[in-house]
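Worksheet: the structure to be examined is printed underneath.
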Amino acid sequence: MKRSRPITQSLSTPPSTPPPSPHQSLTTFERPRNILKNPKPLLINPITNWNPLNIGKSELYLPLTFPTGQTFRWKQTGTVQYTGVIGPHLVSLKQLENGDVGYHFHSTRCEASAREALFDFLNLGISLCEIWEEFKASDPRFAELATCLEGARVLRQDPLECLIQFICSSNNNIQRITKMVDFLSSLGNYLGNVGGYDFHKFPNLEQLAMVSETELREAGFGYRAKYIIGTVKALQSKPCGGLQWLAALRKLDLVEAVDALATLPGVGPKVAACIALFSLEQHHAIPVDTHVWKIATRHLIPELAGSRLTPRLYKRVADAFLTKYGKYAGWAQTLLFIAELPSQKSLLSLSFCNTEENKSVKSKGRKKAAKRDG
DNA sequence: GGGAGACCTAGTAA
DNA sequence: ATTACTAGGTCTC
């Protein structure tokens, strides 16, 4: 049973003047960066010199990699152009006309180290085409989706950044997660403005520890406020240092890494799997959320359709993915997950892919359109 | 040990 | 205009 809303808070009539706070509330926080209301920087500072990565769209397609829930830190700053921060480097990426991806570092002192960081971040040591060939060979459904959704790559993010982002993600939606992550990011050192968005280095543990649970609650974090505070404290108390502790998880087996992560408050099996897959090089980690649960019960373990996702069943789903797709199962899961996103479903239904899946989506889309148009 | 219920919030459907 | 439910779950009995 969901708790009813406390009557002391009237959400329909927010206070006209926010309470004094070191940080603005989430609603007012986003406003100055609204790209629609403040488009000037786009016009003033267009990026003209793109360095080619020399990879095709089938290795990296930005719209299927950045705005699909792996990271909430990157912003769309132009047409098929995204901007974000990798370590201390502010970088923009753009899908060029020939399908290649161009990169541009904003005011970086050492181009060479920035480029190395970029390659690491994009996981370019792994060939998406090669591992997808195996998925396609063992799963016709994957093959069909893959032709429509080329270039959906798994990133290799900074563990702390990834951890904090996915604590925010629990029982939440992308729009609100993004606002929360923006709020925390602003605690880090300012790097610059691109396309109307301010960018900050992700705050270190000390900077994260400067904010109180009360401030986070006032900023709209809800019950996740105490998770953030608790996790930051837990990391700070590690003998070898929190960052070191996180980095060492890359050397462990998946189960060990997940168990270690789950000792942090706000980190359960799903969030731990996200962190493992998106930042700890655990390529076969399977984050099982409601979407993935649906996929699994439809196609992998239909005998479980209708039942609730319990920890035991969580393991069954992960095992099923691992059995079917092998050591890069997490990468396969990522594509299947993306195909479930409403934004992608609408695109899929427009494409030539005529899977059973899409027929049903098309039908739903038509019904919705009919309803909308009266 | 696993199964319910509580937990913040904003948006949408009924 | 209210109410119920959902959304990339986790924690606590």
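Letter by letter, the first sequence follows residues 1 to 374 of full-length UniProt numbering.
All C-beta atoms in this analysis are idealised placements derived from N, C-alpha and C, irrespective of residue type, glycine included.
Mapping the DSSP letters down to three states, classify TYR227 as helix, strand or coil. helix
Report the residue ranges of all alpha helix (DSSP H) runs contained in full by the stretch 192-276; include only those spanning at least 4 residues, in chain order. 205-209, 213-218, 224-236, 242-248, 254-261
Spatial neighbours of ALA234 within its chain, please: C-beta separation below 6 Å, excluding the five flanking residues on both sides. LEU264
So, is VAL255 buried or exposed, given that buried needs 16 or more other C-beta atoms within 10 angstroms? exposed
In the structure shown, what three-state DSSP assignment does ILE44 receive? Caution is warranted here: a pLDDT of 45 is assigned to ILE44, below 50, making its placement in the model unreliable, and no coordinate value can be reported.
Considering only DSSP beta bridges, list what THR83 is partnered with. LYS75, SER92
Who are the Cβ neighbours of GLY192 in its own chain at under 7 Å, not counting the five residues just before and after it? LEU90, HIS106, SER107, PHE199
Reduced DSSP secondary structure (H/G/I, E/B, other) of GLY125: Coil at GLY125, not helix or strand.
CA-CA distance, residue 460 and ARG156? Given a span of 1 to 374 for the chain in the structure shown, any question on residue 460 remains unanswerable.
For the structure I just gave you, are there three or more beta carbon pairs, one from the stretch 166-177 and one from the stretch 86-105, closer than 8 Å? no
GLY188 vs LYS179 beta-carbon contact at 7 Å: no
GLU150 to THR334 span [Cα, whole Å]: 12 Å
Rounded to a whole number of angstroms, what is the C-alpha to C-alpha distance between ALA219 and PHE135? 43 Å
For residue 375, which of helix, strand or coil comes out of DSSP? With the chain covering only 1 through 374, there is no way to say anything about residue 375.
Which value, in whole angstroms, describes the spacing of the CA atoms of ILE167 and ILE295? 23 Å
Please classify PRO67: does DSSP put it in a helix, a strand, or coil? coil
Are three or more beta carbon pairs between the stretch 300-311 and the stretch 109-129 nearer than 8 Å? no
Using 8 Å as the threshold, is the stretch 310-324 in touch with the stretch 45-54, meaning 3 or more CB pairs across them? Because the criterion of three Cβ pairs below 8 Å is not met, the stretch 310-324 and the stretch 45-54 do not touch.
Under the three-state reduction of DSSP, which class applies to ALA339: helix, strand or coil? helix
Can you give me the Cβ contacts of ILE338 inside the same chain, cut-off strictly under 7 Å, excluding the 5 residues immediately before and after it? In its chain, beyond the 5 residues on either side, LEU64, THR68, LEU149, ALA152, GLN344 have a beta carbon closer than 7 Å to the beta carbon of ILE338.
Buried or exposed (CB count within 10 angstroms, at least 16 for buried), ASP259: exposed
Are GLN165 and LEU205 touching if we call contact CB-CB under 7 Å? no
May I ask which residues mark the beginning and end of the alpha helix (DSSP H) holding ASP182? 174-185
Taking DSSP's pairing of strands, which residues face ASN171 in a bridge? According to DSSP, which records beta bridges pairwise, ASN171 is partnered with nothing at all.
Cutting at 7 Å between CB atoms, please list the residues of its own chain near ARG224, excluding the five before and the five after it. ILE167, CYS168, SER170, GLY266
Exposed unless 16 or more other CB atoms sit within 10 angstroms - verdict on SER127: exposed
Just the C-alpha distance for ASP182 and TYR190, rounded to the nearest angstrom, thanks. 12 Å
Would you kindly work out how many angstroms separate the C-alpha atoms of PRO269 and ILE275, rounded to a whole number? 10 Å
Pull the bridge partners of LEU190 from the DSSP assignment, please. Note that residue 190 is Tyr in the sequence shown, not Leu. Answer by DSSP bridge pairing, in chain order: HIS200.
Roughly how many angstroms separate the alpha carbons of GLU215 and SER186, rounded to a whole number? Distance between the alpha carbons of GLU215 and SER186 is about 14 Å.
Suppose you measure from the CA of LYS315 to the CA of ASP100; what does that come to, to the nearest Å? 38 Å
Using the C-alpha atoms, what's the distance from HIS284 back to ARG298? 20 Å
From which residue to which residue does the alpha helix (DSSP H) around THR323 run? 311-325
Hey, quick one: how far does the alpha helix (DSSP H) through VAL292 stretch, first residue to last? Annotation: the continuous alpha helix (DSSP H) that includes VAL292 extends over 290-295.
I need the straight-line Cα distance from LEU145 to LEU336, nearest angstrom please. If I take the Cα positions, the gap works out to 8 Å.
Shortest alpha-carbon distance to SER212 belongs to which of GLY326, GLY230, PRO140, ASP120? GLY230
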